[in-house]
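The structure under discussion appears below in the form of structure tokens.
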Amino acid sequence: MAFSVKLSVRELVEFLLQSGSITPGEGGGADRALEGARIHRRLQKAYGENAKTEVFLSLTTELGDFVYTVEGRADGILERDGMIVLDEIKTTVQPFDRVTEDFCPVHWAQAMCYAYFYGLQQDLSEMQVQLTYYQADTHEIKRFLREYTLAELEFFYLDLLRQYERWAMFLRDWSMQRDRSLRALAFPFSAYRAGQRAFAGVVYRAVCEGTRLFCQAPTGTGKTISTLFPALKAMGEGKTERIFYLTAKTISRQSAAEALSKMREGGMHLKSVTLTAKEKICFQEDCICTPEECPYANGYYDRINSVLYSLLQKEDSFTREELEHAAKEAMVCPFELSLDLSLWCDVIVCDYNYLFDPVVYLRRFFSERSGAYTFLVDEAHNLVARSREMYTARLQKSMFLALRKQFPKGELFRALGKVNTAFLALKKACGEQPYAEYEEIPETLLQPLEKLAAACSAWLEKNREHVLRAEVLPVFFAVRFFLKISDLFDARFVMTVVPQPKDMQVSLLCLDPSALNDQALARGRAAVLFSATLAPPGYYRSVLGGGETAKSYALPSPFPQENLLLLCADGISLRYADRERNIEPVCDLLHAFLSGKQGNYLVYFPSYQYMNAVHAVFCQRYPEHRLILQSGGMEEADREAFLRQFRNQEQAVTGFCVLGGVFAEGIDLPGEALIGTAIIGTGLPKVEREQELLRAYYDGVNGAGFDFAYRFPGMNKVLQAAGRVIRSQTDRGAVLLIDSRFSQAAYRRLFPPHWSHLRFLRRPEEIEEALRSFWETPQKDANK
């Protein structure tokens with residue numbers, strides 16, 4: 001029986017025909033061309049009434065032992081002088097003097113495939129193929145036209161398939177080996193934890209049914225293996241073709257890699273790759289991707305396919321360390337190598353931005369077609385703020401003035417001056433107001449920015465080794481991103497202008513990323529978004545693009561409730577206006593909490609300012625406690641040194657940290673490494689202008705502006721911090737909440753079910769007595 005291979009036209013031609021070197025980010029190579037959907041629509045309108053646009057084309061061809069299904073969308077099909085013309089539109093930022101007829105053979109190959117598919121479908125004997133290039137910065141248009149017989153197009157296309165045959169053979173042999181191992185794969189641990197089997201079951205059904213699932217699984221459930229294992233079992237049954245494990249943090253990517261390694265020990269055959277940010281994995285100090293500056297970019301496409309084939313024959317796991325070793329040995333760019341390997345891997349472990357970011361998402365998977373992909377989104381609560389930021393663009397007036405000083409004359413000087421003038425006009429329009437809001441982006445701003453982008457592009461192309469490139473590039477990329485977001489701008493955005501004494505900022509703020517997140521998730525067949533804190537589920541479905549058909553599932557805590565002492569001191573107000581006068585009462589409550597048992601504790605504060613103020617008073621009143629403080633901007637080595645003091649059992653330590661910071665989630669301090677946390681305040685974001693815009697937006701949408709802008713994000717921080725205490729079946733510990741608002745119904749309804757035993761106490765003596773009784777009570781055997 002012939003083996004089926006399905007891919008897009010673009011995948012086929014780029015993989016086989018791309019050659020030469022990696023070009024810099026401002027270049028216009030086949031894989032670097034801007035999306036330009038709006039530009040495509042503008043050019044397509046000029047075709048005339050009888051033209052067809054965005055024509056889906058697919059062809060299934062049996063050749064040798066394989067059945068190839070290749071598909072894609074032709075930009076335009078029109079009739080001219082009795083001849084059918086297939087038009088392929090390409091948007092580029094390359095200067096037009098470099099865009100010749102033979103500028104990019106891959107573009108011709110893509111258009112020729114579409115022409116063959118359409119000619120075969122319509123029984124045509126000959127066709128014309130046209131390439132239309134649009135210069136994104138100057139708006140110039142250049143066209144090239146060639147004529148082919150259907151026989152010529154057929155010969156070209158079948159030759160492509162024959163070149164692809166050895167890769168099809170690899171796919172066939174590997175997928176058979178992989179699926180056999182996945183069907184036989186057993187759960188990699190001796191037993192399921194409490195709730196883990198149920199969790200794996202709902203994930204398996206979501207993948208098989210192709211649905212979206214929002215799952216709250218408390219800390220300790222084993223979320224990584226509980227999502228990967230059932231998804232892989234579904235892959236072995238043909239229910240999904242590729243799994244993307246998406247995370248916000250490096251430690252989560254490491255957990256996924258460890259889970260895959262554990263399953264490989266059980267006989268699983270699976271190819272996986274972990275993607276690392278370009279600036280982190282690049283071998284060059286300045287990360288400049290030009291053949292002149294980087295030997296790993298020079299001739300990359302001439303070498304890469306042979307490197308890929310060799311690696312795929314020898315290795316199954318491609319972590320950062322393995323990629324760096326292989327790239328150095330083969331003299332290829334490690335970042336591009338990881339992306340090219342991802343096309344041949346079954347599991348891709350990567351950051352959120354590879355799916356959701358409008359600029360850096362993986363176009364090789366998601367630009368041409370959706371696939372039977374499964375997205376496993378870890379710690380999905382983090383995606384709310386991350387996705388808003390991904391779709392938000394900001395420009396400072398000072399960045400243009402600083403660059404203008406470097407260019408006393410010329411086109412770049414004039415373009416920067418016009419942008420500066422546009423900014424001054426916006427600042428003047430503010431009058432005496434501290435800021436202004438716009439529901440639409442003024443053309444008087446967009447036009448100068450577009451001209452500046454064109455001037456930067458032209459200058460960068462002509463000055464590849466100029467000392468000022470490092471000054472021009474950041475401005476160019478910032479402007480290009482601003483223009484990109486301007487294409488997405490609608491009622492879910494707002495433009496703000498904030499005058500400053502010697503500067504000003506213009507921002508395109510994404511208030512509601514739900515539609516954009518929904519579009520991103522629609523690139524696959526199934527999605528599981530999971531976290532220890534996804535309550536209330538309706539909020540997360542609304543903001544993260546769940547849609548009406550998404551399902552929610554909440555697991556109970558797998559740990560004995562009696563192992564966690566949960567207290568709330570609700571007699572003190574921690575509202576912003578009341579914080580200063582309540583410093584001493586807070587210190588007294590903390591002292592009572594820390595005195596219940598000697599050990600390691602974390603105390604979370606609403607801000608660095610309040611943390612430092614409490615620390616100063618606490619040290620005076622209770623100097624017997626050993627305290628360490630989180631500081632702003634801690635490097636990775638500093639963070640690890642901070643946590644190392646908790647793992648050292650020789651001396652008890654109490655860490656003062658900021659709620660929502662790096663030590664409030666994603667850290668694992670099991671057993672005696674951490675026996676308690678105190679959480680001061682409800683975690684509400686600071687009342688600022690942008691937060692108030694968010695509140696106003698959701699008040700208009702659903703009347704729940706305060707919840708969406710403040711209460712829900714704040715309580716998520718609280719629940720994450722509280723989750724640091726109990727990490728296993730044998731852990732015991734205590735959590736103290738300090739704030740009068742915790743006793744209000746609006747907050748209590750956000751508590752998880754396993755918090756039903758929360759006790760409200762007010763006096764330090766009551767807290768001290770509750771802790772003494774808890775620690776004196778023998779621990780029950782969790783297995784009985």
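Take the sequence shown: its position 570, counted from the start at 1, is 570 in the UniProt record's numbering, and no numbers get skipped.
Note that CB positions come from ideal geometry on N, CA and C, so glycine has one too.
Exercise. In angstroms with no decimal places, state the Cα-to-Cα distance between residue 549 and residue 542.
Key: 12 angstroms
Exercise. Give every residue of the same chain whose Cβ lies closer than 6 angstroms to the Cβ of residue 68, excluding the five residues on either side of it in the sequence, and list them in chain order.
Key: 5, 61 and 161
Exercise. Could you spell out the range, first to last residue, of the beta strand (DSSP E) harbouring residue 127?
Key: According to the DSSP assignment, residue 127 belongs to the beta strand (DSSP E) that extends over 126 to 135.
Quiz prompt | Own chain, CB closer than 6 angstroms to residue 330, minus 5 neighbours either side, in chain order | solution = 307
Quiz item: Can you check whether the CB of residue 676 is closer than 8 angstroms to the CB of residue 723?
Solution: no
Quiz item: In three-state terms, what does DSSP make of residue 245?
Solution: strand
Quiz item: Are the stretch 255 to 271 and the stretch 290 to 304 in contact at 8 angstroms, needing three or more beta carbon pairs?
Solution: no
Quiz item: Apart from the five residues just before and just after residue 435, which ones in its own chain have a Cβ nearer than 7 angstroms to its Cβ?
Solution: Closer than 7 angstroms at the Cβ level, and outside the excluded window around residue 435, lie 496, 497, 498 and 689.
Quiz item: Hey, out of 312, 578 and 359, whose CA is closest to residue 485's CA?
Solution: 359
Quiz prompt | Rounded straight-line distance, which links the Cα of residue 401 to that of residue 313 | solution = Approximately 54 angstroms between the Cα atoms of the pair.
Exercise. Identify the continuous beta strand (DSSP E) that holds residue 654 and give its terminal residues.
Key: 654 to 658
Quiz prompt | Local conformation of residue 171 per DSSP, three classes | solution = helix
Quiz item: Which of the three DSSP states, helix, strand or coil, is assigned to residue 495?
Solution: strand
Practice problem: Give every residue of the same chain whose Cβ lies closer than 6 angstroms to the Cβ of residue 592, excluding the five residues on either side of it in the sequence, and list them in chain order. | Solution: Counting only Cβ-Cβ distances below 6 angstroms, and skipping sequence neighbours, we find 764, 767 and 768.
Exercise. Go ahead and pull the three-state DSSP assignment for residue 568.
Key: Residue state, collapsed to three classes: strand.
Exercise. For residue 424, count neighbouring Cβ atoms within 10 angstroms of its own Cβ and tell me buried if that reaches 16, exposed if not.
Key: Residue 424 comes out exposed.
Quiz prompt | Run of the alpha helix (DSSP H) containing residue 394, from where it starts to where it stops | solution = That residue, residue 394, is in no alpha helix (DSSP H); its beta strand (DSSP E) goes 393 to 396.
Exercise. Alpha carbon to alpha carbon, how far is residue 480 from residue 28? Give it in angstroms, no decimals.
Key: Only weak support exists for where residue 28 lies, its pLDDT of 36 falling under 50; the value from the coordinates is given anyway. Linking residue 28 to residue 480 through their CA atoms gives a straight-line distance of about 14 angstroms.
Quiz item: Are residue 693 and residue 511 touching if we call contact CB-CB under 8 angstroms?
Solution: yes
Practice problem: Check the DSSP bridge columns for residue 510 and list the partner residues they point to. | Solution: Per DSSP, 493.
Quiz item: Are there 16 or more other CB atoms within 10 angstroms of the CB of residue 45, so buried, or fewer, so exposed?
Solution: Classification of residue 45: exposed, given that the 10 Å Cβ count is below 16.
Practice problem: Name the residue from 759, 720, 740 and 715 whose alpha carbon lies nearest to the alpha carbon of residue 749. | Solution: 715
Exercise. Using 10 angstroms around the beta-carbon of residue 502, count the other beta-carbons present and answer buried if the total reaches 16, otherwise exposed.
Key: exposed
Exercise. Go ahead and pull the three-state DSSP assignment for residue 307.
Key: helix
Practice problem: Kindly indicate which residue of 290, 522, 726 and 465 has the alpha-carbon position closest to the one of residue 563. | Solution: 726
Quiz item: Near residue 524, what residues of its chain come up, given a Cβ to Cβ distance below 7 angstroms and the 5 sequence neighbours on each side ignored?
Solution: 370, 371, 373, 374 and 375
Quiz item: Do you know offhand how far residue 326's Cα is from residue 457's?
Solution: 34 angstroms
Exercise. Look at residue 478 and residue 426 and say whether their C-beta atoms are less than 8 angstroms apart.
Key: no
Quiz item: In whole angstroms, what separates the C-alpha of residue 778 from that of residue 558?
Solution: Each residue's Cα considered, the two are about 20 angstroms apart.
Exercise. Within the same chain, show all residues whose beta-carbon is closer than 8 angstroms to that of residue 685, passing over the 5 residues directly before and after it, in chain order.
Key: 691, 709, 710, 713 and 714
Quiz prompt | Straight-line Cα distance separating residue 758 from residue 280 | solution = 44 angstroms
Practice problem: Quick one: measure Cβ to Cβ for residue 136 and residue 93, integer angstroms, because I've assumed they're closer than 8 angstroms. | Solution: Rounded, the Cβ-Cβ distance is 5 angstroms, consistent with contact.
Quiz item: What runs of the beta strand (DSSP E), each 3 residues or longer, lie entirely inside the stretch 523 to 579?
Solution: 526 to 531, 551 to 554 and 564 to 569
Exercise. Please go through the stretch 192 to 279 and give each complete beta strand (DSSP E) segment of 3 or more residues, from N-terminal end onward.
Key: 212 to 216, 242 to 247 and 272 to 274
Practice problem: Give the secondary structure of residue 707 by DSSP, where H, G and I count as helix, E and B as strand, and everything else as coil. | Solution: helix
Quiz prompt | Where residue 30 falls: helix, strand or coil (DSSP) | solution = Only weak support is given to the placement of residue 30: the predicted model assigns it a pLDDT of 31, under 50, and the value that follows is read from those uncertain coordinates. If DSSP states are grouped into helix, strand and coil, residue 30 belongs with coil.
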